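The listed protein sequences correspond, in order, to chains A and B.
Each position in the first sequence, counted from 1, maps to that position plus 140 in my numbering.
Each position in the second sequence, counted from 1, maps to that position plus 6 in my numbering.
C-beta atoms are modelled at their ideal positions from N, C-alpha and C, and glycine is treated no differently.
Note that the coordinates shown come from a computational prediction; the quantities given were computed from them, not determined experimentally.
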Amino acid sequence: DTEVTQTPKHLVMGMTNKKSLKCEQHMGHRAMYWYKQKAKKPPELMFVYSYEKLSINESVPSRFSPECPNSSLLNLHLHALQPEDSALYLCASSIGAGANVLTFGAGSRLTVL
Amino acid sequence: GIQVEQSPPDLILQEGANSTLRCNFSDSVNNLQWFHQNPWGQLINLFYIPSGTKQNGRLSATTVATERYSLLYISSSQTTDSGVYFCAVVRSNYQLIWGAGTKLIIKP
Chain A
141 DTEVTQTPKH
151 LVMGMTNKKS
161 LKCEQHMGHR
171 AMYWYKQKAK
181 KPPELMFVYS
191 YEKLSINESV
201 PSRFSPECPN
211 SSLLNLHLHA
221 LQPEDSALYL
231 CASSIGAGAN
241 VLTFGAGSRL
251 TVL
Chain B
7 GIQVEQSPPD
17 LILQEGANST
27 LRCNFSDSVN
37 NLQWFHQNPW
47 GQLINLFYIP
57 SGTKQNGRLS
67 ATTVATERYS
77 LLYISSSQTT
87 DSGVYFCAVV
97 RSNYQLIWGA
107 GTKLIIKP
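Following this line, the structure appears as structure tokens:
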């Protein structure tokens, strides 16, 4: 299995909703990432988990809450989002440290109304 | 910090044409990657190429680390090559610095 699977593919939510994005990989990778991508821009790093521990938080607002229940799963919990948070959210994984070859999921496209 | 610049920003070609995309970076790096993002948002890692030349089918990449640039060659373009091509370099563990991308449109 050489894939990173993200669900849902599309999500529409109101500013008072609570929702979650999910990411799963079974490649034995020990680093997992959340990126945010706005239209016509490169991805922006949000969080990195290494060996299931949060290694990097790029000063992301607390309305985004990451969780890594085990080495194969990565969640992003969303609460009280703003319309400007609408974007493509990408999950990625790599074998280990050093941002070695990243494998990306297909993304979850989020719209906040 | 390290700056990554890609050129050209946009490129429109007919199917079958060849193209060269460039990535310049402002400081020495240990890790450079090329990605293709298709129109539906899927990002695919094309090459991990800190130096030297690699080839994969119709695509090849060359990085000249001493001169701080990398080139991505696409030969005999197909419509499925359309999308945005990004290069990215490693700043530190886990963290990539991305170029702004080259948007490629291949017309049938």
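Close Cβ partners of residue i (< 6 Å) along its chain, the five nearest in sequence each way excluded
| i | result |
| --- | --- |
| residue 59 (chain B) | 68 |
| residue 152 (chain A) | 251 |
| residue 223 (chain A) | 252 |
| residue 53 (chain B) | 40, 60 and 67 |
| residue 249 (chain A) | 150 and 228 |
| residue 225 (chain A) | 252 |
Range of the contiguous beta strand (DSSP E) that encloses residue i
| i | result |
| --- | --- |
| residue 91 (chain B) | 89 to 98 |
| residue 42 (chain B) | 38 to 43 |
| residue 153 (chain A) | 150 to 153 |
| residue 202 (chain A) | Neither: residue 202 (chain A) is in no beta strand (DSSP E) and is coded neither H nor E. |
| residue 32 (chain B) | Note, residue 32 (chain B): premise wrong, no beta strand (DSSP E); not H, not E. |
| residue 103 (chain B) | 101 to 104 |
| residue 219 (chain A) | 213 to 219 |
| residue 191 (chain A) | Neither: residue 191 (chain A) is in no beta strand (DSSP E) and is coded neither H nor E. |
| residue 84 (chain B) | Unbroken run through residue 84 (chain B): none, as it is neither H nor E. |
| residue 161 (chain A) | 158 to 165 |
Nonlocal neighbours in the same chain, by C-beta distance under 7 Å from residue i, ignoring five residues either side
| i | result |
| --- | --- |
| residue 195 (chain A) | 188 and 189 |
| residue 114 (chain B) | 21 and 85 |
| residue 159 (chain A) | 151, 153 and 218 |
Contact test: residue i Cβ vs the ligand ADP heavy atom, cutoff 8 Å
| i | result |
| --- | --- |
| residue 80 (chain B) | Among the ligands in the structure shown, none appear at all, so the ligand ADP cannot be discussed. |
Interface residues of chain B facing residue i [CB-CB closer than 8 Å]
| i | result |
| --- | --- |
| residue 204 (chain A) | Ordered by position in chain B, no residue passes the 8 Å Cβ test against residue 204 (chain A), which lies about 17 Å from the chain. |
| residue 241 (chain A) | 39, 51 and 54 |
CA nearest to the CA of residue i, picked from the options
| i | options | result |
| --- | --- | --- |
| residue 25 (chain B) | B:55, B:38, B:84 and B:101 | B:84 |
| residue 228 (chain A) | A:156, A:155 and A:179 | A:179 |
| residue 144 (chain A) | A:157, A:158 and A:174 | A:174 |
| residue 65 (chain B) | B:30, B:23 and B:95 | B:23 |
| residue 293 (chain A) | A:164, A:159 and A:158 | Residue coverage of chain A in this structure runs from 141 to 253, which leaves residue 293 (chain A) outside it and unanswerable. |
| residue 210 (chain A) | A:146, A:157, A:172 and A:148 | A:172 |
| residue 98 (chain B) | B:32, B:36, B:72 and B:91 | B:36 |
Chain B contact residues for residue i, given Cβ-Cβ distances below 7 Å
| i | result |
| --- | --- |
| residue 179 (chain A) | Chain B residues near residue 179 (chain A): none, gap ~10 Å exceeds 7 Å. |
| residue 171 (chain A) | 100 |
| residue 148 (chain A) | Correct list: empty, because the minimum Cβ distance to chain B is about 14 Å. |
Nonlocal neighbours in the same chain, by C-beta distance under 8 Å from residue i, ignoring five residues either side
| i | result |
| --- | --- |
| residue 155 (chain A) | 220, 221, 222, 223, 252 and 253 |
Whole-number beta carbon distance between residue j and residue i, since they are thought to touch under 8 Å
| i | j | result |
| --- | --- | --- |
| residue 55 (chain B) | residue 76 (chain B) | 7 Å |
| residue 213 (chain A) | residue 161 (chain A) | With 8 Å as the limit, residue 213 (chain A) and residue 161 (chain A) do not qualify as a contact, their Cβ atoms being about 11 Å apart. |
| residue 47 (chain B) | residue 246 (chain A) | 7 Å |
Contact list for residue i against chain B, beta-carbon separation under 9 Å
| i | result |
| --- | --- |
| residue 218 (chain A) | Within chain B, no residue comes near residue 218 (chain A); the closest Cβ sits about 18 Å away, beyond 9 Å. |
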